[in-house]
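J.: Before we start, here is the structure in question, set down as structure tokens.
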Amino acid sequence: MLKSEWKSKNKPKTPYVMIIALTRELVIQISEYGRKLCEGTKLCCTMLYGQKTKDFFKANLDSGCDILIATRGRLTEFLSEEKCTPQQTPLYTARQNLLFSATFPQEPQEFFREWVKNNAITIQNDKSNPVSKNIILTFIRVEGMHKNKVCADVIITENKEAKKHGMSLRKTLVFHFFLTYNGIKVLSINGDHYQDYREKALKEFRSGNIDVLVATDVVARGIDICDMEHVMIVELPGDFTTFIHRVGRIGRMNEGQVTTFYDPNKDYILADEISN
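Right, here's the structure in full:
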């Protein structure tokens, strides 16, 4: 792209590259990195996602867009309403399809086979240990609502930044209030929060203004938070793949710790799989 003569201002609404991300937070994160890479070039990077007014994004597209990062839902709306026209997006016959994932369950593998050649090359690391060696895993056996008290005690004792994963929307709110009552600086993120609040919560956590971010799986995949030392999984997920994604928020460059609270009455199946 840097070698091309594309000029954003002369080609409104017609991106040359489209990147589709799973969540709004991922769209924002990819866009921030994209803008840094585009500095000093003629390329323009724009994002598109839900819970913001369509006019706000349309104005950005109309002013020129080379690279568009979007969530699937809002992109579909803009394409159907012809507010975004992908005619300039090149579709090469001789192209490379590169698929990257921390996990590769059987169902998505079958789907992706339709998009790659029969002789496609697969590169993978050691399946026997999908968790980074930089991560220290700790499991604490605790039953029922005792998790709130035990988890709060761990946070108070260590006095370190932590991020909580794996709670239902209702339990996220309950845990938020419980930690606040115990004097811990905390914000929460779940799918029902307005986008402005979700962005503020992530910003406050990244800047160190709060000690704890309580979250559902809405931030379990792809979100990059530098210098985070500890992830606590308050409730085990229903499958091993989701557990790996939660753990993957930490231990990328430096050593990190993951503390998992498990209830032997309901988590025994996944606990056995993790231990193996």
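Per full-length UniProt numbering, the sequence shown starts with residue 1, numbered consecutively.
Backbone N, C-alpha and C define an ideal beta-carbon position, used for all residues, glycine too.
All of these numbers come straight from a predicted model, not from anything done at the bench.
When you compare only the Cα positions, how much space is there between L2 and T41?
T.: Stepping through the sequence shown from its first residue, residue 2 is reached at position 2. Stepping through the sequence shown from its first residue, residue 41 is reached at position 41. Note that L2 has pLDDT 46, beneath the 50 cutoff, so the model's placement of it is unreliable and the number below is only indicative. Rounded to the nearest angstrom, the two C-alpha atoms are 7 Å apart.
J.: Would you mind sorting Y262 into buried or exposed? The rule is 16 or more other CB atoms within 10 Å of its CB.
T.: Here residue 262 refers to the residue found at position 262 of the sequence shown. It counts as buried.
J.: Are the beta-carbon atoms belonging to V234 and F178 less than 8 Å from one another?
T.: Reading the sequence shown from its first residue, position 234 is the one you call residue 234. Reading the sequence shown from its first residue, position 178 is the one you call residue 178. No. Outside cutoff.
J.: For D66 and L202, I'd like the C-alpha separation in whole angstroms.
T.: For this step, residue 66 is matched to residue 66 along the sequence shown. For this step, residue 202 is matched to residue 202 along the sequence shown. The alpha-carbon atoms of D66 and L202 are separated by roughly 27 Å.
J.: From E39 to L68, what distance separates their C-alpha atoms?
T.: To locate residue 39, count along the sequence shown from 1; it is residue 39. To locate residue 68, count along the sequence shown from 1; it is residue 68. Rounded to the nearest angstrom, the two C-alpha atoms are 16 Å apart.
J.: Using the C-alpha atoms, what's the distance from T172 back to T180?
T.: Sequence index remark: in the sequence shown, residue 180 carries index 180 (1-based). Sequence index remark: in the sequence shown, residue 172 carries index 172 (1-based). Whole-angstrom Cα-Cα distance: 12 Å.
J.: Less than 8 Å between the CB atoms is what I'm expecting for residue 357 and H230, so what's the real figure, rounded?
T.: Past the boundaries of the shown model lies residue 357; the chain is included only from 1 to 276, so the question cannot be answered.
J.: Checking the sheet assignment: what are the DSSP bridge partners for V17?
T.: Reading the sequence shown from its first residue, position 17 is the one you call residue 17. DSSP, once it has assigned bridges, lists I67 as partnering V17.
J.: Along the chain, where does the alpha helix (DSSP H) containing G40 start, and where does it finish?
T.: In the sequence shown, the residue the question calls residue 40 occupies position 40. Where G40 is concerned, there is no enclosing alpha helix (DSSP H), given that its DSSP letter is neither H nor E.
J.: Keeping to the same chain, check which residues put their C-beta closer than 6 Å to that of Y268; ignore five residues upstream and five downstream.
T.: Within the sequence shown, the letter at position 268 stands for residue 268. Excluding positions up to five away in sequence, the list is empty.
J.: Using the Cβ count rule (16 or more neighbours within 10 Å means buried), how would you classify G34?
T.: What you label residue 34 is simply residue 34 of the sequence shown in a count that begins at 1. It counts as buried.
J.: To the nearest angstrom, how far is it from the Cα of N10 to the Cα of L37?
T.: Position 10 of the sequence shown holds residue 10. Position 37 of the sequence shown holds residue 37. Legend: pLDDT at N10 = 48, less than 50; position of this residue unreliable, value from coordinates given subsequently. Using only the alpha carbons, I get a separation of about 21 Å.
J.: Pull up the distance between the alpha-carbon of F57 and that of V218, whole angstroms please.
T.: As a working note, residue 57 is residue 57 in the sequence shown. As a working note, residue 218 is residue 218 in the sequence shown. Approximately 23 Å between the Cα atoms of the pair.
J.: Assuming Q195 contacts R24 (C-beta within less than 8 Å), just tell me the rounded distance between them.
T.: As a working note, residue 195 is residue 195 in the sequence shown. As a working note, residue 24 is residue 24 in the sequence shown. Correct: roughly 6 Å between the Cβ atoms.
J.: Buried or exposed for L98, going by 16 or more other Cβ atoms inside 10 Å?
T.: Your numbering for residue 98 matches position 98 in the sequence shown. Exposed, since its Cβ has fewer than 16 Cβ neighbours within 10 Å.
J.: Compute the Euclidean distance between the alpha carbons of I210 and I189, then round it to the nearest angstrom.
T.: Indexing the sequence shown from 1 puts residue 210 at position 210. Indexing the sequence shown from 1 puts residue 189 at position 189. Their backbone Cα atoms lie some 13 Å apart in a straight line.
J.: Could you spell out where the alpha helix (DSSP H) holding G73 opens and where it closes?
T.: Locating residue 73 in the sequence shown gives position 73, counting from the first residue. Taken as a continuous stretch (DSSP letters only), the alpha helix (DSSP H) holding G73 covers R72 to S80.
J.: Kindly indicate the opening and closing residues of the alpha helix (DSSP H) around A271.
T.: Here residue 271 refers to the residue found at position 271 of the sequence shown. It spans Y268 to S275 - the alpha helix (DSSP H) in which A271 sits, taken as one unbroken run.
J.: Apply the 10 Å Cβ neighbour rule to C45 and answer buried if 16 or more other Cβ atoms are within range, or exposed otherwise.
T.: Start at 1 with the first residue of the sequence shown, and residue 45 comes out as number 45. Under this definition C45 is a buried residue.
J.: Expressed to the nearest angstrom, what Euclidean distance is found between the alpha-carbon atoms of V258 and I274?
T.: One-based indexing of the sequence shown puts residue 258 at position 258. One-based indexing of the sequence shown puts residue 274 at position 274. Their backbone Cα atoms lie some 13 Å apart in a straight line.
J.: Which residues mark the beginning and the end of the beta strand (DSSP E) in which H230 is found?
T.: Translated into the one-based positions of the sequence shown, residue 230 becomes position 230. From DSSP, the beta strand (DSSP E) with H230 extends over H230 to I233.
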